[in-house]
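Chains as they are written, first to last, in my numbering: chain A, 2 to 498; chain B, 2 to 498. Backbone N, C-alpha and C define an ideal beta-carbon position, used for all residues, glycine too.
Number of protein chains: 2
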Amino acid sequence: MISENAAMNELLAFQRGTEALSSIAERLSWDQETVMPRGAVEQRSEEMAAIEAVLHERRTDPRIGEWLELAVPQTESEERIVALIARDFGRANAIPAELATEIARQTSLGQGIWAAARANEAPQDFLPTLDQILVLKQDQGHALVRAGFGSDPYDALLDDYEPGTTQAEIAALFDAMRPRLVALREEILGAPDQPEALEGRFAQETQMRLARACATAFGYDWSRGRMDIAVHPFSSGRWQDSRITTRIVETDPFNCIYSTIHEVGHSSYELGIDPDHAFTPLGRGVSMGVHESQSRIYENQLGRSRAFTGWLFARMTDMTGGLSVPDADAFYRTVNRVTPGFIRTESDEVQYNLHIMMRFDLERDLISGRLSTDNLEEAWNTRFQRDFGVAVDRPSNGVLQDVHWSVGLFGYFPTYALGNVYAGALNAALRTAVPDLDDSLQDGDATPATEWLREKLQRHGGLYEPRDLVERATGRPVTPEPLLAYLEEKFAGIYGL
Amino acid sequence: MISENAAMNELLAFQRGTEALSSIAERLSWDQETVMPRGAVEQRSEEMAAIEAVLHERRTDPRIGEWLELAVPQTESEERIVALIARDFGRANAIPAELATEIARQTSLGQGIWAAARANEAPQDFLPTLDQILVLKQDQGHALVRAGFGSDPYDALLDDYEPGTTQAEIAALFDAMRPRLVALREEILGAPDQPEALEGRFAQETQMRLARACATAFGYDWSRGRMDIAVHPFSSGRWQDSRITTRIVETDPFNCIYSTIHEVGHSSYELGIDPDHAFTPLGRGVSMGVHESQSRIYENQLGRSRAFTGWLFARMTDMTGGLSVPDADAFYRTVNRVTPGFIRTESDEVQYNLHIMMRFDLERDLISGRLSTDNLEEAWNTRFQRDFGVAVDRPSNGVLQDVHWSVGLFGYFPTYALGNVYAGALNAALRTAVPDLDDSLQDGDATPATEWLREKLQRHGGLYEPRDLVERATGRPVTPEPLLAYLEEKFAGIYGL
Chain A
2 MISENAAMNE LLAFQRGTEA LSSIAERLSW DQETVMPRGA VEQRSEEMAA
52 IEAVLHERRT DPRIGEWLEL AVPQTESEER IVALIARDFG RANAIPAELA
102 TEIARQTSLG QGIWAAARAN EAPQDFLPTL DQILVLKQDQ GHALVRAGFG
152 SDPYDALLDD YEPGTTQAEI AALFDAMRPR LVALREEILG APDQPEALEG
202 RFAQETQMRL ARACATAFGY DWSRGRMDIA VHPFSSGRWQ DSRITTRIVE
252 TDPFNCIYST IHEVGHSSYE LGIDPDHAFT PLGRGVSMGV HESQSRIYEN
302 QLGRSRAFTG WLFARMTDMT GGLSVPDADA FYRTVNRVTP GFIRTESDEV
352 QYNLHIMMRF DLERDLISGR LSTDNLEEAW NTRFQRDFGV AVDRPSNGVL
402 QDVHWSVGLF GYFPTYALGN VYAGALNAAL RTAVPDLDDS LQDGDATPAT
452 EWLREKLQRH GGLYEPRDLV ERATGRPVTP EPLLAYLEEK FAGIYGL
Chain B
2 MISENAAMNE LLAFQRGTEA LSSIAERLSW DQETVMPRGA VEQRSEEMAA
52 IEAVLHERRT DPRIGEWLEL AVPQTESEER IVALIARDFG RANAIPAELA
102 TEIARQTSLG QGIWAAARAN EAPQDFLPTL DQILVLKQDQ GHALVRAGFG
152 SDPYDALLDD YEPGTTQAEI AALFDAMRPR LVALREEILG APDQPEALEG
202 RFAQETQMRL ARACATAFGY DWSRGRMDIA VHPFSSGRWQ DSRITTRIVE
252 TDPFNCIYST IHEVGHSSYE LGIDPDHAFT PLGRGVSMGV HESQSRIYEN
302 QLGRSRAFTG WLFARMTDMT GGLSVPDADA FYRTVNRVTP GFIRTESDEV
352 QYNLHIMMRF DLERDLISGR LSTDNLEEAW NTRFQRDFGV AVDRPSNGVL
402 QDVHWSVGLF GYFPTYALGN VYAGALNAAL RTAVPDLDDS LQDGDATPAT
452 EWLREKLQRH GGLYEPRDLV ERATGRPVTP EPLLAYLEEK FAGIYGL
């Protein structure tokens, strides 16, 4: 019989190993998306499968159950660590092994089938696969409910990405936001004076120099990170090694710049966590929503502010010898331009959340069985027409545009909008706490914002539940009001509403 | 009770996982030496420890013993796979767990202590650590002997790097080589007409373009590899992903060029192995000696040949607008210049093996206890004076120059010279089989050599024991004669001996 202390120590040591192996798996994915030779796909797939098998075995290791029964945590941190390990262990063991294997198999195939169907504008090539994945995810949701994780399969799935939040809470937030965002969108698009687009071509080298300058402006720690080019920008890793990626579109330098600032937000969060939490479940961002709040506040509330874009205008003018827009005020309007469009990832601060809301409603209906995959495309197009006022012209601009469902990510979409809500709340508190922030931003220095966010939120890692963490940082309950007020005020100014 | 077939299948499946995880660990090391942020050292150390712990557990997993008892291999490949797994399993289990842990601990510390001692020219700061490592390696050797792996601790250690070869065999080779190499070296250094050195500075970009052209000339498959810069060049990985590194010294482009060609040799071997062997013990180079034979024949017998250097001279002249040497003949002599020097890694084809021979003799005496670490520096300096005719001027040019012993690599050095002997034998057979090889080499195309080596040697991976493999490829017993004859003829021509 092992003692209570021994059980706690063994649990922590075992978890350290699991966290380190999980970090390795993430580094392999980074490698695959940035530097891996293109001919290494099969090999990498087998390597990933091997380390995922080790991780799955560790996460369901029966010794964890024994240690959990005996372990007596001594501190608040240890209590939270034990609770998080217990939750992961319970969730992992709730899924029958055959179901877990089948989900892994189908979702690894799903992405390729989706990509081909999207390229061919052929939803019928993808929907049967989606249907199989959907059934598996429904089964997963039911298995989790039976094991006591949530009262509803969708809530149980959501809990993987945003622990402690329910679809009812999210639906209430979204219901409050939707009419005001639809109205704001209509006003903006109907305004007589529309901002101009940025014209010209921007060399890769220039864009990368700008991106580096922006990352530095936001306090990105280059000694613990690096920047590479990827097809879809992402950030990867934590503690002493959190890397970012960006992409280059020759005619659209904002793609590179704001992807960079967005990923710097994610990485700053991971790099800002108290090093004492490293290799414990507290040593990473607590949820997708909170993560997204960091990337979004960096990208939007700070990065697209009048103050920061003033600095950016000067830098870009210096580096390129002159832009197509005449001055910093026009540049600010250009950066924040709202235009009609089908694609979520290309949309602006106003329309983005509307994209999310329709996906949230559709995927809840899919999981509950109220909507079948046979009717999904029609449901998508109907809803898009209603919220955006235009008809979807082709599947790649509609139901086939996102990768998420093809890899089994049901319950993930709402965390993007939740991140925006959190970012709005944090921005209001930040601006009160650091009233002269714009003075720094206009000099290309966002570090006072990073410092406040680090102190109030980032350093805690997984110590508090997501919403609790945001409420501790802002000192008030989370509501969509700060985000909506910010958007209405900002875009009224830009569009003369 | 599992059936024979089931045992074989389970053994192979388990081994696939182990091979994949081992490949991941190697990829992490690549990352660390090339792209990892400098601030990530502690984190990476914990990650490496975690995956090494998993690998150690798998290599000693008692189920392997059960499967080995029952498994019935059906083919020659399967027989060899089972034999290799059994050998690794036996060797891993021969080392007591505490000894394995202590070796891992001491050798992970050893490198840092060695590097500091070398920087400070202070052998006394390193020798106590070396002594601890030596005792552990002696213990390891004795443990292996007790378990039936070799009749002598040094042989048992050597077997990790060059399976099936004994120190007696190596000593016999070296005894035959040493007098002729010492004599050749003296003749060369005494010759009246010495080649000139290459003068000038060569930009990093130019060197990298040259290095890429050389790698391509040797048939390096860029779709399954890439090239980066590292402090100490190395190659890493296999099957679909074998990467090389090189280094840049502004005043010495040959460093970059020949490091590249050397590493292309290693990588070509790994990339040339029959894909059917992937993720089995046959799916990698069979020994360090055979590996080195590939890197050396690419670098020296082919890369420093008159034919290839003629092409290289033209390329370098094109890219730089003119070199300090007047023509291709002078350039060939410059590339193959022999000068006195203390450092193994900077030495030429003639002197390199002499450096190895003294290390081989010294480390055998250390492991057997005939030489103590207290007397090591004196023994080194005495031997160096005898073989090279000059006195060592400082420890970093003498006993502290190599990292190997500090990380526990006893028995590794002789594989470098063995590689040269194998390369000499392979080159003689290659030149007979492909008599017009120089016609291709002078056009910057070494692929006929790669094709022959692939067919005769590389594709077999671990299928045959090292010496057997080389003898199958050349059709005759391994002797140092082809290497010595090649060196004597080549340098007689260059130095007018």
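Query, Result
"Assign Ala21(A) to buried or exposed, taking buried as 16 or more other Cβ atoms, counted over all protein chains shown, within 10 Å of its Cβ.", "buried"
"Sort Met37(A), Leu464(A), Arg473(A) by Cα distance to Glu77(A) and report the nearest one.", "Leu464(A)"
"Would you kindly check if the distance between the Cβ of Gln459(A) and the Cβ of Gly290(A) is under 8 Å?", "no"
"Quick one, which of Leu431(A), Gly462(A), Pro467(A), Leu372(A) has its alpha-carbon nearest Ala450(A)'s?", "Leu431(A)"
"Bridge partners of Gly238(A), per DSSP?", "Ser243(A)"
"Opposite Met49(B) in the DSSP bridges: which residues?", "Met49(B) is not bridged to any residue."
"Enumerate in chain order the residues of its own chain whose CB-to-CB distance from Arg297(B) is below 6 Å, with the five nearest sequence positions on each side excluded.", "Gly420, Asn421, Ala424"
"Which bits of chain B does Arg210(A) rub up against, with CB to CB less than 9 Å?", "Chain B residues near Arg210(A): none, gap ~18 Å exceeds 9 Å."
"What first and last residue would you give for the alpha helix (DSSP H) that runs through Ile104(B)?", "98-120"
"If we define contact as Cβ-Cβ less than 8 Å, is Phe90(B) a contact residue for chain A?", "no"
"For Tyr353(B), which of Pro436(B), Gly322(B), Ile495(B), Phe175(B) has the nearest alpha-carbon?", "Phe175(B)"
"Against Met37(B), what residues of chain A qualify as contacts under a CB-to-CB distance less than 7 Å, listed in chain order?", "Asp242"
"Using CA atoms only, rank isn't needed, just tell me which of Phe332(A), Met178(A), Asp89(A) is closest to Leu199(A).", "Phe332(A)"
"With distances taken Cα to Cα, identify the nearest neighbour of Thr35(A) among Glu99(A), Phe150(A), Gly165(A), Arg248(A).", "Arg248(A)"
"Considering just the uninterrupted stretch of the beta strand (DSSP E) at Asp330(A), what are its terminal residues?", "No beta strand (DSSP E) contains Asp330(A), which is instead part of the alpha helix (DSSP H) from 329-336."
"Can you tell me whether His461(A) is buried or exposed? The criterion is at least 16 other CB atoms within 10 Å of its CB, across all chains shown.", "buried"
"Contact between the segment 259-278 of chain B and the segment 230-250 of chain B: three or more CB pairs below 8 Å?", "yes"
"Could you name the residues that DSSP lists as bridge partners for Asp229(A)?", "Thr246(A)"
"Would you check if the distance between the CB atom of Glu103(B) and the CB atom of Leu131(B) is smaller than 8 Å?", "no"
"Does the distance from the CB of Ala120(B) to the CB of Leu71(B) come in under 8 Å?", "no"
"Quick check: what's the CA-CA separation for Ala192(A) versus Asp229(A)?", "39 Å"
"Output needed for Leu470(A): all residues of its chain with C-beta closer than 7 Å, excluding positions within five of it in sequence on either side, in chain order.", "Val287, Val291, Leu458, His461"
"Could you work out which residue in Asp362(A), Ile368(A), Arg345(A) is closest to Val393(A) when comparing CA atoms only?", "Arg345(A)"
"Tell me which residues share the same chain as Phe361(B) and place their Cβ nearer than 6 Å to its Cβ, disregarding the 5 neighbours each side in the sequence.", "Phe414, Pro415"
"Quick one: grab the DSSP three-state call for Ser325(A).", "coil"
"Between Gly494(B) and Asp194(B), is the Cβ-Cβ spacing less than 8 Å?", "no"
"Cα separation between Arg147(B) and His57(B)?", "21 Å"
"Please name the residues in the segment 141-163 of chain A whose beta-carbon is closer than 8 Å to at least one beta-carbon of chain B, in chain order.", "none"
"Counting only Cβ pairs nearer than 8 Å, list the residues of chain A close to Ala44(B).", "Residue identity differs from the one stated: residue 44(B) is Gln in this sequence, not Ala. Under the 8 Å cutoff, chain A gives Ser24, Trp240, Gln241, Asp242, Ala279."
"Using a Cβ-Cβ cut-off of less than 8 Å, list which residues of the segment 40-71 of chain B approach chain A; keep chain order.", "Gly40, Ala41, Val42, Glu43, Gln44, Arg45, Glu47, Glu48, Ala50, Ala51, Ile52, Ala54, Val55"
"Taking 6 Å as the limit between beta carbons, can you name the residues of its chain near Ile171(A), skipping five residues before and five after?", "Pro415"
"Classify Met317(B) as helix, strand or coil using the three-state DSSP reduction.", "helix"
"Flag this pair as yes or no: are the beta carbons of Ile86(A) and Leu69(A) separated by less than 8 Å?", "yes"
"Kindly indicate if chain B contains any beta-carbon less than 8 Å away from that of Leu283(A).", "no"
"Classify Met289(A) as helix, strand or coil using the three-state DSSP reduction.", "helix"
"How big is the Cα-Cα spacing for Pro341(B) and Gly220(A)?", "51 Å"
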